[in-house]
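Asker:
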Ligand SMILES: [Zn+2]
């Protein structure tokens, strides 16, 4: 899956985002109670790891950042 450049709410700029791994998806499901997290992307900017969906730049309130140790 190719990385996609889209706006990151935390960085305030357009950044590369990638889709989540299986264990990362499981973590997000557990955090958000969402049934589907197939459309969630993570910002690849250094030390950011903020999550968004393809359509919404800020779907989670408060914002969600993926832990490093999944
Ligand atoms: Zn970011």
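Numbering (UniProt numbering), first residue to last: 1 to 70.
By construction, the Cβ of each residue, glycine as well, lies at the ideal position given by its N, Cα and C atoms.
Small disclaimer: the values here were computed from a predicted structure and weren't measured.
Once the 5 residues before and after residue 49 are set aside, which same chain residues still bring their CB inside 7 Å of it?
Answerer: Along the chain shown, read from residue 1 onward, the residue named residue 49 stands at position 49. The residues are 42, 43, 65 and 66.
Asker: Check the DSSP bridge columns for residue 60 and list the partner residues they point to.
Answerer: As a first step, residue 60 must be located in the chain shown, where it is residue number 60. The partner list for residue 60 (beta bridge, DSSP) is empty, contrary to what the question assumes.
Asker: Looking at the strands, I want to know which residues DSSP matches up with residue 50.
Answerer: In the chain shown, the residue the question calls residue 50 occupies position 50. According to DSSP, residue 50 bridges with 65.
Asker: For my contact list, residue 20 and residue 37 are in at a C-beta cut-off of 8 Å; report their separation, rounded to the angstrom.
Answerer: The residue given as residue 20 occupies position 20 in the chain shown. The residue given as residue 37 occupies position 37 in the chain shown. Confirmed, Cβ separation roughly 7 Å.
Asker: Which two residues bound the contiguous alpha helix (DSSP H) that contains residue 25?
Answerer: Against the chain shown, residue 25 aligns to sequence position 25. First-last of the alpha helix (DSSP H) with residue 25: 22–32.
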